[in-house]
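> Can you keep this structure in mind? I'll have questions shortly.
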Amino acid sequence: MKTLANPGRRQLASICLAFCTLPAAFAAQAQTAAPPALELVVLGSGGPGATGRAGSAYAVLVDGVARVFVDAGPGSFVRLGEAKLALGRADIVLLTHLHVDHAGGLPGLFKARAVSNRGPVDFKIFGPAGRRALDADDADFPATSRFIDLLFGKQGAFGYLKDFSAPLRFQVNDIDAPATASALPEVRTVFDEGGLRISSVAGHHRDAPAVVYRIDHAGKSITFSGDIDASGLAGLRRIAQGTSLLVFNSVVLDPPGSPDVLYTLHTPPKAIGEVADAVRAGQLLLSHLSPALDAQRDAVKASIAAHYAGGVVFAQDGQRLAP
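For the sequence shown, the numbering used here gives the first residue as 213, with consecutive numbering after it.
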């Protein structure tokens, strides 16, 4: 005669089986979850000093894929390796200006991209047009196209890289960004393809031609101020309206906390808070941090919070944020 199993035991076994399969179900769900539309990876959060941070540099992931580099300061090559990003589809470079702490790591970045796969690499590079010095105290700045040629052209310092591992081709776009203040700087779309749109506007960084960029995709956006002084804030306000994430280079304390000359190059916390509030930024990331600002974080946050009620984050190398 056949005995029926205890119904209580059957119920207990079913419950145990359900709990045992939960981790696998959650793992499968995590694997199929869509990546964020935009994600920012901070490759360098520092400035010109050797203070333990890489120079200004970022990678932007579009639907989980690394596509855009913004600046390439010294040390970004190392941080790029630590981030373990797949670089096979990275093809856009945005240079805010041509100071060493923003562009000095470009050869290493290009080499890393070239050895990531065997096929040809077509880089679309955007950066400021050049200018001649207006007086003896100013510097000459090459156009971005000339800068790339000096590095990677046939007679360039690193000309060998063009065919070192994979053929490198450069489509360079010089953006008119004069080092003179404009009352109504024009916002222009410089790239628009497959739902990814990149806009630019002239910034202002004393005598250096400078560009502010905004990246939009799938309803999210990231705006990069670059190094910017008071004369460039009008352009930043125009391009950053409603941005999900505002990346603001923060170097100086509120006056008189920093040397006077630095205020001709950078924006203090009070003004950063006013701009972030005016453009209704979803979140504010302070980057390009100086040791002086790092040491006064509470005062900086309080100054910004007096005008801006959104979240404020201090950047760190290796940090990842999804706006």
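Beta carbons are placed, not taken as given, at the ideal position from N, Cα and C, and that holds for glycine. Remember, it's a predicted structure, so these values are computed and weren't measured experimentally.
Using 8 Å as the cut-off, can you tell me whether the stretch 330-345 makes contact with the stretch 270-279, which would need three or more C-beta pairs spanning the two stretches below that distance?
They do not touch, by the three-pair rule.
> Taking H314 as part of the alpha helix (DSSP H), name the residues at either end of that continuous run.
Its alpha helix (DSSP H) spans residues 312-315.
> Determine, using beta carbons only, whether I387 and A414 come nearer to each other than 9 Å.
Yes, the Cβ-Cβ distance between I387 and A414 is below 9 Å.
> Just to confirm, are I427 and V280 a CB contact at a threshold of 9 Å?
Cβ atoms of I427 and V280: closer than 9 Å.
> Helix, strand or coil: which one does DSSP assign to D489?
Helix at D489.
> Taking Cβ to Cβ, would you say Y199 is nearer than 9 Å to L496?
Because the chain in this structure spans residues 213 to 535, residue 199 falls outside the shown range and cannot be described.
> What residue range does the alpha helix (DSSP H) around D350 cover?
No alpha helix (DSSP H) contains D350, which DSSP labels as neither H nor E.
> Which residue wins for smallest C-alpha separation from S377, given the options D472, V399, S328, P260?
Comparing Cα positions, the closest option is S328.
> In whole angstroms, what separates the C-alpha of L458 from that of G444?
Approximately 15 Å, taken between the alpha carbons.
> By a C-beta neighbour count over all protein chains shown, 10 Å radius and 16 as the cutoff for buried, is V473 buried or exposed?
It is exposed - the Cβ of V473 has fewer than 16 other Cβ atoms within 10 Å.
> Any idea which residues DSSP pairs V459 with across the strands?
In DSSP, V459 forms a bridge with F436, L497.
> Can you give the beta carbon distance from G259 to D313, rounded, assuming they're within the 8 Å contact cut?
The Cβ separation is near 6 Å, so the contact holds.
> Can you tell me the Cβ-Cβ gap for A351 and L362, rounded? I've got them flagged as a contact below 8 Å.
Contact doesn't hold; Cβ gap of about 15 Å is too wide.
> Compute the Euclidean distance between the alpha carbons of P379 and A430, then round it to the nearest angstrom.
So the two alpha carbons sit approximately 32 Å from each other.
> Would you report the Cα separation of A452 and A518, rounded to the nearest angstrom?
The straight-line gap from Cα to Cα measures roughly 20 Å.
> Checking 9 Å against the spacing of the C-beta atoms, do D529 and A266 come in under that value?
Cβ distance < 9 Å, so D529 and A266 count as in contact.
> Taking all protein chains shown into account, decide if T392 is buried (16 or more other Cβ within 10 angstroms of its Cβ) or exposed.
Exposed, by the Cβ-count rule.
> Looking at the secondary structure, which residues open and close the beta strand (DSSP E) in which P340 lies?
Taken as a continuous stretch (DSSP letters only), the beta strand (DSSP E) holding P340 covers 333-340.
> Pull up the CB-CB distance for P480 and L501, whole angstroms please, since I reckon it's below 8 Å.
Wrong, their Cβ atoms sit about 14 Å apart, outside the cutoff.
> Check for me: the beta strand (DSSP E) holding E405 runs from which residue to which?
From DSSP, the beta strand (DSSP E) with E405 extends over 400-405.
> Considering only C-alpha positions, which residue in the set A504, D404, H309 is nearest to P390?
Answer by Cα proximity: H309.
> Secondary structure at V524, three-state DSSP: helix, strand or coil?
Three-state result, V524: strand.
> Output the boundary residues of the beta strand (DSSP E) element that contains D256.
First, the residue type needs correcting, since residue 256 is Gly and not Asp in the sequence shown. 250-256 is the span of the beta strand (DSSP E), which, as asked, contains G256.
> Quick one: residues in its chain with C-beta nearer than 7 Å to the C-beta of G256, no 5 flanking neighbours on either side, listed in chain order?
Within the same chain, G256 has close Cβ partners R265, A266, G267, S268, A269, G285, G287, S288, R291, D529.
> On the three-state DSSP scale, how would you describe A245?
Looking at A245 - three-state DSSP - the assignment turns out to be coil, as it is neither helix nor strand.
> Shortest alpha-carbon distance to S437 belongs to which of V512, S470, V491?
The residue with the shortest Cα to Cα distance from S437 is V491.
> Quick check on this structure: which residue in A493, S462, E486 has the alpha carbon closest to the alpha carbon of Q508?
The candidate whose alpha carbon is nearest that of Q508 is S462.
> Using a Cβ-Cβ cut-off of 7 Å (strictly less than) and excluding sequence neighbours within five positions of A324, which residues of its own chain qualify?
For A324, where only same-chain residues beyond five positions count, the Cβ hits under 7 Å are F289, L292, L299.
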